[in-house]
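Taking this note's numbering, the leading residue of the sequence shown gets 103, the next gets one more, and so forth.
Here the structure comes first, spelled out in structure tokens, and everything after it is commentary.
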Amino acid sequence: MSIVLSNDSDNYTHQIWAQQQAASCAVASIWMARGQAFQMSFAEEEWALAWRIYGQVVQGMVWLPEPSAPVCFDPRAHQNNQNTFGNMFSVAGTFMNQVSQALRNEGLKTTTTTFSPGSTVNKSKLGTTTPAIILLGWYSGGTRRGGHFIVASKVSGSGNVVYLDPWGGVLRELSVGPNYQSTGRFEQICYIST
103 MSIVLSNDSD NYTHQIWAQQ QAASCAVASI WMARGQAFQM SFAEEEWALA
153 WRIYGQVVQG MVWLPEPSAP VCFDPRAHQN NQNTFGNMFS VAGTFMNQVS
203 QALRNEGLKT TTTTFSPGST VNKSKLGTTT PAIILLGWYS GGTRRGGHFI
253 VASKVSGSGN VVYLDPWGGV LRELSVGPNY QSTGRFEQIC YIST
């Protein structure tokens, strides 16, 4: 796990978790949003948080011993489903309902919008302790080619939303959506509070 410290245009410092696995953007986004909501930093490795999410949310188990496995998965060696931990975090990824449940398991309150490509962020719901996690889809024309999770952290003084992107650990200040980068489109938003 790599933590990138980045300042927004208001000179507010954000901790951005740069994901290590191709399909661990949800894990990184959960870590960032949880830290902002509780106003604290968590000393937790990507592997440990991913394993806990998989065990509690996907498998429905209260506690699983940590696996003796590599911290890096080769996506070519796994199937596109959530039948195994390796499949989930190398190829298949996470669903918004699982993100929301993982946050509730941490003691946070969540309100999740209905899945709707073209969603926009409600800026009035963002604040110092009330971030949101956004599911966006990568589109080629009208065809969805994958998904990604990012955090909508706060509204800057200029009125733009500060987004924390775990892919590369990047901070961007953009509009409320619905478009992200060249092919991303917001699909679902999970607003978070304590």
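Each residue gets a CB set at the ideal place from its N, CA and C atoms; glycine is no exception.
Quiz item: Alpha carbon to alpha carbon, how far is W133 from G244?
Solution: 31 Å
Quiz item: Within this structure, are the beta carbons of S104 and S258 separated by less than 8 Å?
Solution: no
Practice problem: Check S126 in the structure and name its three-state DSSP category. | Solution: coil
Quiz item: Which residue from T213, T231, P268 puts its Cα closest to that of G249?
Solution: P268
Quiz item: Which two residues bound the contiguous alpha helix (DSSP H) that contains S202?
Solution: 198-207
Quiz item: In angstroms, rounded to a whole number, what distance separates the CA positions of M123 and S260?
Solution: This sequence places Gln at residue 123; Met is not what is there. Approximately 33 Å between the Cα atoms of the pair.
Exercise. Find out if the Cβ-Cβ distance for the pair T222, G286 is shorter than 8 Å.
Key: no
Exercise. Identify the continuous beta strand (DSSP E) that holds F288 and give its terminal residues.
Key: 286-295
Practice problem: With DSSP as the reference, label S226 as helix, strand or coil. | Solution: helix
Exercise. Excluding the 5 residues preceding and the 5 following K227 in the sequence, name in chain order all residues of the same chain whose CB lies nearer than 6 Å to its CB.
Key: Y293
Quiz item: Can you name, in chain order, every residue of its own chain whose Cβ lies under 7 Å from the Cβ of G270, other than the five neighbours on each side?
Solution: A120
Quiz item: What are the boundary residues of the beta strand (DSSP E) that S242 is part of?
Solution: 234-242
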